[in-house]
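Since the structure comes first, as C-alpha cells, the remarks are kept for the end.
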Amino acid sequence: MKSPLPYLGGKGRMTEKLMPLLPQPDRFLTYVEPFCGGASLLFARRPVGIEVISDRNGDVMHFFRTLRDQGDALREYLQNTPYARALYEVWSDPRYQCDSDLERAARTFFLARASFMAMAQRDDDRAPVGFAVARYLDNRARSMMNKVDDELVRIRDRLRHVVIENEDALKVIDRYDSENVILYCDPPYLEDTRKDGGYAFEYTDDDHVRLLERLKQSPGYVAISGYAHPIYAEALELQGWQRHDFPWFCNSVRNVGPGKKEGRGLEHERTESLWINPRLREYHHNRSTQQSVLDLGIAAFG
Numbered sequence: 000m001k002s003p004l005p006y007l008g009g010k011g012r013m014t015e016k017l018m019p020l021l022p023q024p025d026r027f028l029t030y031v032e033p034f035c036g037g038a039s040l041l042f043a044r045r046p047v048g049i050e051v052i053s054d055r056n057g058d059v060m061h062f063f064r065t066l067r068d069q070g071d072a073l074r075e076y077l078q079n080t081p082y083a084r085a086l087y088e089v090w091s092d093p094r095y096q097c098d099s100d101l102e103r104a105a106r107t108f109f110l111a112r113a114s115f116m117a118m119a120q121r122d123d124d125r126a127p128v129g130f131a132v133a134r135y136l137d138n139r140a141r142s143m144m145n146k147v148d149d150e151l152v153r154i155r156d157r158l159r160h161v162v163i164e165n166e167d168a169l170k171v172i173d174r175y176d177s178e179n180v181i182l183y184c185d186p187p188y189l190e191d192t193r194k195d196g197g198y199a200f201e202y203t204d205d206d207h208v209r210l211l212e213r214l215k216q217s218p219g220y221v222a223i224s225g226y227a228h229p230i231y232a233e234a235l236e237l238q239g240w241q242r243h244d245f246p247w248f249c250n251s252v253r254n255v256g257p258g259k260k261e262g263r264g265l266e267h268e269r270t271e272s273l274w275i276n277p278r279l280r281e282y283h284h285n286r287s288t289q290q291s292v293l294d295l296g297i298a299a300f301g
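As C-alpha cells, then:
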C-alpha cells in the first residue's frame, strides 16, 4: 500500500530498501514516526502492535485523521471535486479559509496530487509550486481519481487503529519512548545538503543536534534518515551507530527566475542514508546468527 500524499523528502520509492533495516512488526512493539510526512513506511508495513504517526504539518495530520474517522464522506467529497486549474488557484491561496473539516482534508489531498511538492511548499506564507497539467504519460487527473475510487477505502481501513498526533517530534519521542519502541525519524534534511526546495516547517542545525542527542538516549530501536553530514558523523557514527547508504534519484524544484520556481523539476542522483542505533544493529546481528544456525541445521539434516 502506498501513501495517498506525495511529500518532499518522502520515502515512497525507498520503502523496499528501508523496511528490512527496521525490526519486523511485532505486537509487543510500538512503532512511532515523529516526522511522518506522507507516512510511506507506515503504509508499507504490516499493521501489528501499536502504531503512532505525527507531524508538525497540521493539514497533513488533519487529512489522515479525517480519512480515518470520516472516510466515506471524504471519499464522496473528493469524487465530486474536479481536477481543475480554477480550483487549484482558489485552494492554493494561503489566505483561503476552508468551510469544513471535509473541505480542509480534500484541499490537502487535492494540492498534494495536483502540484509539485505541494506538501512541502505550503505554509502560512507560501503557495504550492504550480499546477501539474495532466499529460499522456503523467495523467494526474486520472491518477487522483483512481486513488479516490480504488484506494482511499483501503487506506482508511489501514489507519483505523493508528494513533495520529500533531506534535513536536521531541514531545512525541518523550511520550512513547521505551525499550519496546521502534522510532523511525525522517526529519527535514539539513539545509546545506539540499539541492532545492524547502519545508513548511524547517529544522535548523541546532534542532538536528538536539534530536540526535535525544535519540541516543532511547533504549528502543532507533533509525533516522538523512544525507551524510559531519553533524551526523560526529553525533552518531563515532558513537557506534551504523550508516547504510542508498543511491537514488530525487525530484527538485526548477528555478525559473528570481523568487520563482516551477513544475515537475529535475531529477538528481543523491545518496540517502539511514543510521541505526547499536541496539537495532545488535537486533540484525542476532537475526543473522539465528538464520545461519537454521541454515546449518537444514543442511545437516537435508
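Here the sequence shown stands for residues 0 to 301, numbered as in numbering that gives the first Met the number 0.
Even glycine gets a Cβ: it sits at the ideal position worked out from N, Cα and C.
Keep in mind the model is a prediction, meaning the values are calculated, not measured.
Residue i and residue j closer than 7 Å at C-beta
i, j, result
"residue 37", "residue 6", "yes"
"residue 11", "residue 39", "yes"
"residue 169", "residue 213", "yes"
"residue 202", "residue 218", "no"
"residue 336", "residue 30", "Residue 336 lies beyond the range of the chain shown here (0 to 301); nothing can be said about it."
"residue 200", "residue 55", "yes"
"residue 234", "residue 210", "no"
Separation of residue j from residue i, as counted between CA atoms
i, j, result
"residue 72", "residue 183", "31 Å"
"residue 62", "residue 288", "43 Å"
"residue 178", "residue 145", "41 Å"
"residue 229", "residue 244", "15 Å"
"residue 102", "residue 66", "12 Å"
"residue 180", "residue 2", "23 Å"
"residue 147", "residue 87", "17 Å"
"residue 273", "residue 18", "11 Å"
"residue 271", "residue 231", "13 Å"
"residue 275", "residue 224", "9 Å"
"residue 140", "residue 20", "35 Å"
"residue 59", "residue 104", "8 Å"
"residue 68", "residue 85", "29 Å"
"residue 216", "residue 277", "11 Å"
"residue 34", "residue 167", "9 Å"
"residue 283", "residue 242", "13 Å"
"residue 159", "residue 77", "20 Å"
"residue 83", "residue 97", "18 Å"
"residue 32", "residue 156", "19 Å"
"residue 285", "residue 44", "21 Å"
"residue 75", "residue 176", "38 Å"
"residue 173", "residue 70", "30 Å"
"residue 185", "residue 92", "28 Å"
"residue 220", "residue 81", "44 Å"
"residue 114", "residue 41", "23 Å"
"residue 171", "residue 13", "24 Å"
"residue 117", "residue 281", "Residue placement at residue 117 cannot be trusted, given a pLDDT of 46 that sits under 50; the coordinates are not used to answer."
Cβ-Cβ separation, residue j to residue i (assumed contact under 8 Å), whole Å
i, j, result
"residue 106", "residue 143", "Residue 106 to residue 143, Cβ: 13 Å. No contact."
"residue 24", "residue 47", "4 Å"
"residue 227", "residue 279", "Not quite, the Cβ-Cβ distance comes to about 18 Å (not below 8 Å), so this is no contact."
"residue 0", "residue 154", "7 Å"
"residue 269", "residue 247", "6 Å"
"residue 205", "residue 189", "Residue 205 to residue 189, Cβ: 11 Å. No contact."
"residue 109", "residue 4", "That belief does not hold up - the Cβ atoms of residue 109 and residue 4 are roughly 11 Å apart, past 8 Å."
Opening and closing residue of the alpha helix (DSSP H) in which residue i lies
i, result
"residue 107", "100-113"
"residue 168", "168-175"
"residue 86", "84-90"
"residue 231", "229-234"
"residue 208", "204-215"
"residue 15", "14-17"
"residue 41", "39-43"
"residue 152", "151-157"
"residue 145", "139-145"
Buried versus exposed, by CB contacts within 10 Å (16 or more), residue i
i, result
"residue 207", "buried"
"residue 120", "Because residue 120 sits at a pLDDT of 42, beneath the cut-off of 50, its placement in the model cannot be relied upon, and the point is left open."
"residue 79", "exposed"
"residue 94", "exposed"
"residue 99", "exposed"
"residue 27", "exposed"
"residue 344", "The question about residue 344 has no answer here: the residues shown for the chain are numbered 0 through 301."
"residue 378", "Beyond the ends of the chain as shown, which are 0 and 301, falls residue 378; an answer cannot be given."
"residue 161", "buried"
"residue 89", "exposed"
"residue 149", "exposed"
Endpoints, beta strand (DSSP E) assigned at residue i
i, result
"residue 222", "220-226"
"residue 51", "49-53"
"residue 29", "29-32"
"residue 59", "From DSSP, residue 59 is part of no beta strand (DSSP E) but of the alpha helix (DSSP H) over 57-68."
"residue 182", "180-184"
"residue 164", "161-164"
heavy atom of the ligand NAD below 6 Å from residue i C-beta
i, result
"residue 152", "The model on display carries no ligand, and the ligand NAD is accordingly not part of it."
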